[in-house]
Amino acid sequence: MMFRRNESSKKLVCGGAAAAAWLLVPLLVLVVLNTDRLPKVRETGITQVSDFFYSIRGRLPLSKDGITSSNQVQYPGATKENVVQADTQVSSSDSESAKLIAKLRAEIARLKAAAGSPKETDSVADASDEIPGDGVDAIKDHDKEFLAMDGKIDGSLRNSDVGAPRSKLSCDLDNGAMSICAMEGDIRMQGKYADVFVVSASNYSWPENKTVTVRPFPRKWEIQTMQKVRAVNIRSSAPVATTDDTAAAPACTVTHDAPAVIFSSGPYSGNFFHAMNDMIIPLYNTAREYDGHVHLVVTDLNPEFTSRYREILAALSVHPVIDFDADVAVRCFPAVRVGIEIHDELRINPALSRKGYTMADFRDFLRSTYSLKNAWATPANRSSGQKPRLVMLLRRHARAITNEAEAIEAAREVGFEVVAAGPEMVRDMARFAQVVSSCNVMVGVHGAGLTNMVFLPNNGTLMQIVPWGAMHDICWHEFGRPAPDMGLRYVEYEVNADETTLKDVYPRDHPVFADPASIHKQGFGKVGELFLIGQKVILDIERFRAAMQEVYQSVTVT
13 MMFRRNESSK KLVCGGAAAA AWLLVPLLVL VVLNTDRLPK VRETGITQVS DFFYSIRGRL
73 PLSKDGITSS NQVQYPGATK ENVVQADTQV SSSDSESAKL IAKLRAEIAR LKAAAGSPKE
133 TDSVADASDE IPGDGVDAIK DHDKEFLAMD GKIDGSLRNS DVGAPRSKLS CDLDNGAMSI
193 CAMEGDIRMQ GKYADVFVVS ASNYSWPENK TVTVRPFPRK WEIQTMQKVR AVNIRSSAPV
253 ATTDDTAAAP ACTVTHDAPA VIFSSGPYSG NFFHAMNDMI IPLYNTAREY DGHVHLVVTD
313 LNPEFTSRYR EILAALSVHP VIDFDADVAV RCFPAVRVGI EIHDELRINP ALSRKGYTMA
373 DFRDFLRSTY SLKNAWATPA NRSSGQKPRL VMLLRRHARA ITNEAEAIEA AREVGFEVVA
433 AGPEMVRDMA RFAQVVSSCN VMVGVHGAGL TNMVFLPNNG TLMQIVPWGA MHDICWHEFG
493 RPAPDMGLRY VEYEVNADET TLKDVYPRDH PVFADPASIH KQGFGKVGEL FLIGQKVILD
553 IERFRAAMQE VYQSVTVT
């Protein structure tokens, strides 16, 4: 995987072999001056000594008995047989001592020669692996490198095992919306098996099986939804197996300098409201504090998710997204967060946010990400003939406006410049964000499309058309309540019994009309069936025109 070199932070790194070579000097002196201690060398042998040098260089992890595993050995530039001819059994005789001294001296000379001249680098990758450009633009120019999996190299890793500091783990498993665990120290991730190992964590009261399971998606109250989310197992482990049956953590195959955030793209990623509410806003709230130096690790990865939101993901992280489920590497991080933090529908509570983020901050982030020019909605001057711009969201199936042409014409007659936005326009989110940012007003029937309010300029106006069926509370909670936090004005147009196609299906004495609240008591499934999926809207054009006139007055000046 390609990486980016930080020219301002290059360090002069000497070859590890040179440092290792000098470690032999005390041993050589010991051999020369104390030949009576030579039998002790037999316990280690030349093979183990040479392996130790490589383990110091971060090339060769040691097993618990100090001897390397053959399937982990890497000998740059030479095979092990070229470095060590055989495991020599050493006696205390002068001839055997002389042979040992000669071998040790030869090893020192070979390691010095292998060290060569020092090299300036900040990665194990070659200069040819550099990504041209800088920051987000560089990632955008390398679409094929957007996903990292199968242990491929990226810009922050080095192939080595990490040490075993005392790790820390804290979890919030009682929140009704989400479960989150944060850990730091020696953290090892094996995505293919859905495991995260916390090495030597002594501060946490582990359950009997020493495993905490988290489904990293913030809709815990939806039991069936959460069953579709892959569980991540956070396991207590030790650097090596212990007497209390604590399993040894797998050796690192990839080591990262930056922390990681693990989350699920979830079963609703194709719905814009849920993608923004359940993933993008919580991910911003969780990952933004790292200023791009964080790895985004996605389970249940939907390729459409990374494709549609690639600009946002690239703005949150300078590293490729890691496909957790397909990743065969053992990745080691200094810190990991499993789960992302949600506060409310399309909202960030600065009192709960770790860094005090707000929805205003998030909207600024979106403007920067998509290069949106209009931060504020400027009132149109009626005297000079200026027209405020209005985007009307048009649905094609459930809750569609059956007389949309008349509605558009009514808005134009009031004085708006109208942009009619059907599904084909809305589908290209980056392009549509530019359209919404250029408008003073957005109008649409309740639905995921109204989530595009996040792209409206400050002081813009959202008009939500509330469908029939005692739907005010639901509609207000999802779009009306968040509007002030985004710096937006909110207006409702509530459909009456004459403006719904349900009148052609049910008599007026049916609970659908006589007592819609009783439908709500039957559960959200019934509400969705009747009032969300089961109706379209027939606007009373004169009533709608009057509502548009009020909005027009609020966004214009004389």
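Per the working numbering: the sequence shown = residues 13 to 570. We treat Cβ as the ideally placed atom computed from N, Cα and C, and that holds for glycine.
To which residues of the same chain is residue i closer than 8 Å at the C-beta, ignoring the five residues directly before and after it?
i: V306; result: A270, P271, A272, V273, A299, L328, S329 and H331
i: S107; result: Only weak support is given to the placement of S107: the predicted model assigns it a pLDDT of 49, under 50, and the question is left unresolved by the model.
i: L500; result: M465, L468, N470, N471, G472, T473 and L474
i: K204; result: D337, A338, D339 and V340
i: E416; result: M404, L406 and A432
i: P496; result: Y502
i: W233; result: G188 and A189
i: T568; result: P391, A392, N393, R394, Q398, P400 and G427
Decide if residue i is buried, meaning its Cβ has at least 16 other Cβ atoms within 10 Å, or exposed.
i: A603; result: Residue 603 is absent from the model: the chain starts at 13 and stops at 570.
i: Q202; result: buried
i: Y321; result: buried
i: E353; result: buried
i: Q534; result: exposed
i: G472; result: buried
i: H355; result: buried
i: Q476; result: buried
i: L185; result: exposed
i: K385; result: exposed
i: G546; result: buried
i: L364; result: exposed
i: R439; result: exposed
i: V102; result: With a pLDDT of 34 at V102, under the threshold of 50, the modelled position of that residue is not reliable, and no figure is offered here.
i: N508; result: exposed
i: K367; result: exposed
i: N452; result: buried
i: G537; result: exposed
i: A326; result: buried
Which residues mark the beginning and the end of the alpha helix (DSSP H) in which residue i is found?
i: D376; result: M371 to Y382
i: N297; result: I293 to A299
i: T237; result: I235 to Q239
i: M475; result: Taken as a continuous stretch (DSSP letters only), M475 belongs to no alpha helix (DSSP H), being part of the beta strand (DSSP E) at T473 to V478.
i: L328; result: R322 to L328
If you follow the beta strand (DSSP E) that residue i is in, where does it begin and where does it stop?
i: E504; result: R501 to E506
i: V447; result: Here V447 belongs to no beta strand (DSSP E); instead the alpha helix (DSSP H) covers M441 to S449.
i: E418; result: Where E418 is concerned, there is no enclosing beta strand (DSSP E), although the alpha helix (DSSP H) it sits in stretches over E416 to V426.
i: H268; result: V266 to H268
i: V563; result: It is not in any beta strand (DSSP E) - V563 instead sits in the alpha helix (DSSP H) that spans I553 to S566.
i: H307; result: H307 to T311
Which class does residue i belong to by DSSP, given the choice of helix, strand or coil?
i: I360; result: coil
i: G461; result: helix
i: F336; result: coil
i: L169; result: Only weak support is given to the placement of L169: the predicted model assigns it a pLDDT of 41, under 50, and the value that follows is read from those uncertain coordinates. Correct three-state label for L169: strand.
i: I274; result: strand
i: W488; result: helix
i: S21; result: Summary for S21: the model assigns pLDDT 40, below 50, so the residue's position carries little reliability; its value from the coordinates is reported in the next sentence. Helix, per DSSP.
i: G537; result: helix
i: A263; result: coil
i: S281; result: coil
i: S11; result: Residue 11 lies beyond the range of the chain shown here (13 to 570); nothing can be said about it.
i: D290; result: helix
i: V524; result: helix
i: D497; result: helix
i: E316; result: helix
i: M483; result: coil
To which residues of the same chain is residue i closer than 6 Å at the C-beta, ignoring the five residues directly before and after it?
i: P571; result: Any question about residue 571 goes unanswered here, given that the chain covers just 13 to 570.
i: D552; result: E511
i: I246; result: C193, V208 and V224
i: H522; result: none
i: S530; result: P523
Going by DSSP, what residues sit across from residue i in a beta bridge?
i: A575; result: In the structure as shown, the chain begins at 13 and stops at 570. Residue 575 is therefore absent and cannot be evaluated.
i: S248; result: V210
i: M195; result: L181 and V348
i: G569; result: According to the sequence as given, residue 569 is Val; it is not Gly. Partner(s): N393.
i: I413; result: V549
i: V224; result: I246
i: N470; result: W388
i: R343; result: M201 and V266
i: G456; result: Q476
i: G304; result: S329
i: D512; result: The sequence given here places Thr at residue 512; Asp does not occur at that position. Partner(s): V549.
In its own chain, which residues sit with a C-beta less than 7 Å from the C-beta of residue i, not counting the 5 before and 5 after it?
i: A442; result: E323 and Y382
i: T237; result: R231 and P279
i: Q565; result: none
i: S277; result: M291, V310, D312, L313, N314 and F317
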